[in-house]
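*Asks:* Handing you a structure now.
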Amino acid sequence: MTDLPPYNSIKQQLQACRSKEETFKALVALSKRLTRLTAEEKTEENRVKGCESAVWLIIDNKDDTYSIKADSDAKLMRGVLVAILSLVQGKTKTERQKMDLKDELESLNLGSYLTQSRANGILAIIEKIKK
């Protein structure tokens, strides 16, 4: 399991970025906190459709508490995945469904940095997590 930093710490770090370059560096640094999936875990079934980069999510349910593993072939997306996972890891399905993940992610000031296709990919990730 990935040792994720607290979401509030990630939020403060990203909100403090004053340029696209700073944001990129922060996301790349965060990406290093994500445990990579094995080749066997990177299946079509686990792949998130609609992402510009290849993204895989594995969602395990144990006693109604969900554990989520994720990976991407892009450092930037791995950094975004760390932020998403830190927000939802260990939550129940009901708790995740009640969360406004899109609003939370918008508070990270990534909107001007992400391309439209990457933003659509993030929405696809959120949709899969909330199922």
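Going by numbering that gives the first Met the number 0, 115 is the number at position 116 of the sequence shown; the sequence numbering is gapless.
Where a beta carbon is used, it is the ideal one built from N, C-alpha and C, also for glycine.
This structure is a prediction, so every number in the text was calculated from the model and none was measured.
(1) Return the CA-CA distance between Met-0 and Lys-68, expressed in angstroms with no decimal places.
(2) Please classify Lys-130 as buried or exposed, where buried requires at least 16 other C-beta atoms within 10 Å of its C-beta.
(3) Could you have a look at Arg-32 and say whether DSSP puts it in helix, strand or coil?
(4) Which residues in the same chain as Tyr-6 place their Cβ atom closer than 6 Å to its Cβ, once the five residues preceding and following it in sequence are excluded?
(5) Given that a residue counts as buried once 16 or more other Cβ atoms are within 10 Å of its Cβ, and exposed if not, what is Asp-70?
(6) Considering only C-alpha positions, which residue in the set Thr-34, Asp-2, Thr-64 and Gln-14 is nearest to Glu-103?
(7) With DSSP run on the structure shown, which of helix, strand or coil describes Val-87?
(8) Please determine, among Thr-22, Asp-2, Asp-59 and Arg-46, the residue with the shortest C-alpha to C-alpha distance to Lys-92.
(9) Any idea if Ala-28 is buried or exposed, counting beta-carbon neighbours within 10 angstroms, 16 or more meaning buried?
(10) By DSSP, does Asp-2 sit in helix, in strand, or in coil?
(11) Given Ala-123, which residues of its chain have a CB within under 7 Å of its CB, disregarding the five upstream and five downstream residues?
*Replies:* Answer, in terms of the structure:
(1) Here the question's residue 0 lines up with position 1 in the sequence shown. Here the question's residue 68 lines up with position 69 in the sequence shown. Low confidence applies to Met-0: its pLDDT is 47, below 50, so where it sits in the model is not reliable, and the reading given next is rough at best. Taking the straight line from one Cα to the other gives about 7 Å.
(2) The residue given as residue 130 occupies position 131 in the sequence shown. So Lys-130 counts as exposed.
(3) Residue numbering aside, residue 32 sits at position 33 when the sequence shown is read from its first letter. Note: Arg-32 maps to coil in three-state DSSP.
(4) For the purposes of this step, residue 6 is taken as the residue at position 7 of the sequence shown. Once the five neighbours on either side are set aside, the close Cβ partners of Tyr-6 are Ser-85 and Leu-86.
(5) Residue mapping note: residue 70 aligns to position 71 of the sequence shown, counting from 1. When all chains shown are included, Asp-70 counts as buried.
(6) On the sequence shown, residue 103 is found 104 positions in, with the first residue counted as 1. For the residues Thr-34, Asp-2, Thr-64 and Gln-14, the minimum Cα distance to Glu-103 belongs to Gln-14.
(7) Reading the sequence shown from its first residue, position 88 is the one you call residue 87. Note: Val-87 maps to helix in three-state DSSP.
(8) On the sequence shown, residue 92 is found 93 positions in, with the first residue counted as 1. Answer by Cα proximity: Asp-59.
(9) The sequence position of residue 28 within the sequence shown is 29, counting from 1. Under this definition Ala-28 is an exposed residue.
(10) In the sequence shown, residue 2 corresponds to position 3, counting from 1. Of the three classes helix, strand and coil, the one that applies to Asp-2 here is coil, per DSSP.
(11) Along the sequence shown, one-based indexing puts residue 123 at 124. These residues qualify, in order along the chain: Val-47, Lys-48, Gly-49 and Cys-50.
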